[in-house]
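Reviewing the structure listed below.
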Amino acid sequence: MAGLIRTGAITVGERMPSVRQLSKLENVSISTVTAAYHLLEEQGWIAVRPKSGYYVRRQVRDSLEVPSTSEIQSRPVLATTSQLVMDVQREISKPNAVSFSRAIPATDFPITRHLERTYTRLSRMRKHLGIGHTNPVGPYELRQQIAHHAVDAGVAISPASIVTTAGCLNAMGLCLQVLTQPGDVVAVESPCYYGILQLIEAYGLKAVEIPVHHQTGLSLGALKLAMEQWPIKVVLSVSSFSNPLGCSIPDERKKELVLLLEQYQVPLIEDDIYGDLYFGRRRTRAIKAFDTQGLVLLCSSLSKTIDPQLRVGWILSERYYQELLHRKFLNMLSTPILPQLVSAEILSQGIYERHLRHAREAYQYRYRHLVDLVSEHFPTTTKISRPQGGIVAWFELPKHVDATELYHYGRKHDVLIAPGEMFSLNKQYQHCFRLNYSARWTPEKEKAIEKLGQWVAARCST
Ligand SMILES: Cc1ncc(COP(=O)(O)O)c(C=O)c1O
1 MAGLIRTGAI TVGERMPSVR QLSKLENVSI STVTAAYHLL EEQGWIAVRP
51 KSGYYVRRQV RDSLEVPSTS EIQSRPVLAT TSQLVMDVQR EISKPNAVSF
101 SRAIPATDFP ITRHLERTYT RLSRMRKHLG IGHTNPVGPY ELRQQIAHHA
151 VDAGVAISPA SIVTTAGCLN AMGLCLQVLT QPGDVVAVES PCYYGILQLI
201 EAYGLKAVEI PVHHQTGLSL GALKLAMEQW PIKVVLSVSS FSNPLGCSIP
251 DERKKELVLL LEQYQVPLIE DDIYGDLYFG RRRTRAIKAF DTQGLVLLCS
301 SLSKTIDPQL RVGWILSERY YQELLHRKFL NMLSTPILPQ LVSAEILSQG
351 IYERHLRHAR EAYQYRYRHL VDLVSEHFPT TTKISRPQGG IVAWFELPKH
401 VDATELYHYG RKHDVLIAPG EMFSLNKQYQ HCFRLNYSAR WTPEKEKAIE
451 KLGQWVAARC ST
């Protein structure tokens, strides 16, 4: 059937033969046809219309090709992040704006209500105010749940090697404080989540940007060359469903990466914040799953799976545990207890797993809808990434089209995007931008995509 669609024998918008018809035609069971249709749906060939049947979808554009090279493209440079980052942050709270700029999860899932109820109940039941500072390690029940969930990523760790933090960025900041001194060189992904670049700037570090392939993530060849050439102190990687490309380092390459770290005795800060939001059949492993020498410090939080307002994150590290704890104590004494207790309770119940199943399915659907809209409204030269999980997509426009100008145009018309300029220390992504597709689609949001597409089309035709 995919072949028939590919060759145009069945065209876009056309209804597929009914399950019953096809079962008769091919002399196979109804369940075989249903399974085949599910597969075609999963691969993006067809979509179901309730009470009507299956229809051929508009075809997904070619995925974004990002050159993956074993040449090092950048020298270590002192991080100075774009002014645009704060500009984009300020715009976030603009009322009436349609925002695609923030990598935040959707709020239309039942877990939001569950969260509210748990907060209310626990704030009545357990004393959390008037108790002074709590132990900086974080409550045992939360660390136990984090250890329990880490098994899904292939990581076996004791709650005694976990430090809780105020979110994932805070976790990575504490790791950098422990592992680096101002002026040190660190290796980051390119394109890189701008929060990481900001941390590097805050600690006076230099960064070498390592190319990321749109499907296989961080280029190990380029990283090896960088390690040979520069005194790299730490590597930072969003290993599963990176921000902004949505790609993952395949498990077997994660193993290779750990061997490289061992060879050079360089630690790696792994940001696994999107790990639970996979679109495939099972969770990918964390790099830490292959770490036998304690060189990998795994950081994560509930900011992408539940709500960034919780500000609950963590670091898994046996080797650097004491130094991390000391750093947390120096930075903030401790983190608020109530959100941590609420998180522990949510993680301990089946509702979290159910929520993840639901969210993963919704995000996949919402991404596909974004692709449909882009196919309709953007010129054919637009490239869009094919995330394997997570909540953001990366766009590449023809080189002469300035995505920062698109950002300013969108801002004027109350449509917010994240310009590519923010994702690197040199100007290599000026023609790119990132959109968040997590929220439910509304006519207003669809219109906003159309508006962006019209602007790009006008630029491409000149
Ligand atoms: C890759 C990545 N890491 C960390 C963060 C920040 O997480 P948190 O809100 O838990 O500090 C983000 C948020 O956008 C992110 O995309």
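For what it's worth, full-length UniProt numbering labels the leading residue of the sequence shown as 1, then goes sequentially. We treat Cβ as the ideally placed atom computed from N, Cα and C, and that holds for glycine.
Suppose the cutoff is 6 Å on Cβ atoms and the five residues either side in sequence are ignored; what does the same chain contact list for residue i look like?
i, result
"Asp291", "Val258"
"Leu295", "Leu261 and Pro267"
"Arg440", "Asp108"
"residue 474", "Given a span of 1 to 462 for the chain in the structure shown, any question on residue 474 remains unanswerable."
"Lys304", "Pro105, Ile273 and Tyr274"
"Pro182", "Gly204"
"Glu345", "Thr118"
"Ala457", "Pro379"
"Pro67", "Its pLDDT being 45, under 50, Pro67 is placed unreliably by the model, and the measurement read from it follows with that caveat. Excluding positions up to five away in sequence, the list is empty."
"Glu323", "Val178"
"Tyr321", "Ser161"
"Ala2", "Trp45"
Are the C-beta of residue i and some C-beta of chain B separated by less than 8 Å?
i, result
"Ala147", "This model lacks chain B altogether, as it is built from one protein chain only."
If you measure between the beta carbons of residue i and residue j, is that distance less than 8 Å?
i, j, result
"Leu416", "Ala97", "yes"
"Trp394", "Ala171", "no"
"Ser424", "Cys175", "no"
"Ser101", "Asn331", "no"
"Tyr407", "Trp455", "no"
"Trp45", "Ile5", "yes"
"Ile162", "Leu316", "yes"
"Thr284", "Ser248", "yes"
"Val312", "Ile269", "no"
"Leu220", "Glu256", "yes"
"Arg277", "Ile391", "It should be noted that the sequence gives Leu, not Arg, for residue 277. Yes, the pair counts as a contact, with Cβ atoms nearer than the cut-off."
"Ile306", "Leu142", "no"
"Gln145", "Leu347", "yes"
"Gln279", "Gln364", "Just to set this straight, residue 279 is Phe in the shown sequence, not Gln. Cβ atoms of Phe279 and Gln364: closer than 8 Å."
"His400", "Lys451", "no"
"Asn243", "Ala362", "no"
"Val188", "Pro76", "no"
Among residues of its own chain, excluding the 5 on either side of residue i, which ones have a beta-carbon nearer than 8 Å to its beta-carbon?
i, result
"Lys271", "Residue identity check: residue 271 is Asp in the sequence provided, not Lys. Same-chain partners within the cutoff: Cys168, Met172, Tyr193, Ile196, Leu236, Ser237, Val238, Ser239, Cys299 and Ser300."
"Glu135", "According to the sequence displayed, residue 135 carries Asn and not Glu. Same-chain partners within the cutoff: Ser334."
"Glu444", "Val98"
"Ile72", "Confidence at Ile72 is low in this model, with a pLDDT of 49, below 50, so its placement is unreliable and the value that follows should be read with caution. Contacts found: Val208, Ile210, Ala222, Leu225, Ala226 and Gln229."
"Thr34", "Val19"
"Arg253", "Thr216, Gly217 and Leu220"
"Thr81", "Tyr194, Leu197, Gln198, Glu201, Met422 and Leu425"
"Ile131", "Ile337"
Once the 5 residues before and after residue i are set aside, which same chain residues still bring their CB inside 7 Å of it?
i, result
"Tyr264", "Met227"
"Tyr158", "It is Ser, not Tyr, that sits at residue 158 in the sequence shown. Excluding positions up to five away in sequence, the list reads Ala147."
"Thr11", "Val56"
"Lys288", "Val155, Glu270, Val296, Leu298 and Leu316"
"Leu325", "Pro136, Val137 and Val163"
"Leu179", "Lys233, Val234 and Pro267"
"Asp152", "Arg283"
"Pro250", "Thr216"
"Tyr140", "Pro159"
"Gly53", "Arg15, Met16 and Ser18"
"Arg368", "Gly44"
Mark residue i as exposed unless 16 or more other C-beta atoms lie within 10 angstroms of its C-beta, in which case mark it buried.
i, result
"His214", "buried"
"Ala359", "buried"
"Ala166", "buried"
"His355", "buried"
"Ser438", "buried"
"Leu78", "exposed"
"Ser70", "Any reading at Ser70 must be qualified, since the residue scores a pLDDT of 40, below 50, and its modelled position is unreliable; no value is offered."
"Leu40", "buried"
"Pro387", "buried"
"Ser29", "exposed"
"Pro50", "exposed"
"Ser31", "exposed"
"Thr382", "buried"
"Ser190", "buried"
"Lys24", "exposed"
"Val212", "buried"
"Val48", "exposed"
"Leu129", "exposed"
"Ala448", "buried"
Problem - Segment contact, 8 Å Cβ cut-off, at least three pairs: the stretch 360–376 with the stretch 421–429 - result: In short, these stretches do not touch, since the Cβ pair count stays below three.
Practice task
Take every Cβ of the stretch 118–129, pair it with every Cβ of the stretch 330–346, and state whether three or more of those distances are shorter than 8 Å.
Solution key: yes
Exercise for the section: Could you pull out every unbroken alpha helix (DSSP H) segment of at least 4 residues lying fully inside the stretch 136–209, listed in chain order? Expected result: 140–150, 168–179 and 194–202
Handout entry: 3-residue-minimum beta strand (DSSP E) runs that sit fully inside the stretch 310–383, ordered along the chain
Key = 313–316
Handout entry: Any alpha helix (DSSP H) of 4 or more consecutive residues that is wholly inside the stretch 208–283
Key = 220–229 and 251–264
Practice task
Taking only runs that begin and end inside the UniProt domain "HTH gntR-type" (1–59), name each unbroken beta strand (DSSP E) of 3 or more residues, in chain order.
Solution key: 46–49 and 53–56
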